[in-house]
């Protein structure tokens, strides 16, 4: 019989995950480590990333953390360099870090626009670029970028965010063509609504505090739009990332995988 677990084994693989201190990034780090990978976590919140890495080590896994602002090219390159220095190679690059913005277009300042593009768009590009410089000589690797359900379903107040995530999906397709001849796969995932700190931070009041009413309205609306009647959990996306990191997806490249609870099917 076919072994259903063999192709999901990541023993001996090395993964770099940006945004590894919380939400989908942290959950993915734990899952990949459980599957045998050594994980290198980058996050602007180094304390959070260190806590995730310590938890993984405490459970017998291999993990290190490093302060990383993905909007700064040198810091992304340093994160990838850390993986090679610590573990000797790079097999999996997860570009997960991102920020939300819910301003109306007329209210978006140039500063806000540049910040969202710097993190969501340039940050992913820098991650792909740094990873490819290691993976091409290796002749193997898997890059996983995080886009969003917003690339498929227009919504109010997320124009800047959706624009940057659409760019991520297109970059994924372009790089799949460039990287394929070197044995490297490039895919993206487009998560549906997931109640993590990421979504909360995108819904603040004028004082800078999370607007719990606005956040709950958003989650309730997405629950109603889902045929299965719930929003996502970080583990829903982590399972997709594990699949794309593993040999189980060795014929998948240039695709955007959607785990969104069927949002968009019900209106």
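Residue numbers (the numbering used here): 46 to 312.
Note that the Cβ used here is the ideal one computed from N, Cα and C, for glycine as well.
Every value quoted in this text rests on a predicted model; they were computed, and no experiment measured them.
If you draw a straight line from the Cα of residue 268 to the Cα of residue 275, it is about 5 Å long. A Cβ-Cβ separation of about 16 Å leaves residue 141 out of contact with residue 112 under the 8 Å criterion. By the neighbour-count criterion, in which 16 or more other beta carbons inside 10 Å mark a residue as buried, residue 151 falls on the exposed side. Cβ-Cβ distances below 7 Å link residue 51 to nothing in the same chain once the five nearest sequence neighbours on each side are left out.
Sorting 82, 239, 238 and 308 by C-alpha distance to the C-alpha of residue 270 places 308 at the top. Between residue 237 and residue 165, the C-beta gap is not smaller than 8 Å, which leaves the two residues out of contact.
Note that the region 92-104 does not touch the region 143-163; fewer than 3 beta-carbon pairs, one per stretch, sit closer than 8 Å. Of the candidates 123, 118, 136 and 59, 59 places its Cα closest to the Cα of residue 106. According to the DSSP secondary-structure assignment, residue 60 is paired through a beta bridge with 84 and 137. In chain order, 116 place their CB closer than 7 Å to the CB of residue 163, counting only its own chain and leaving out the 5 sequence neighbours on each side. For residue 302, the enclosing beta strand (DSSP E) starts and ends at 301-304. Under DSSP, residue 110 shares a beta bridge with 86.
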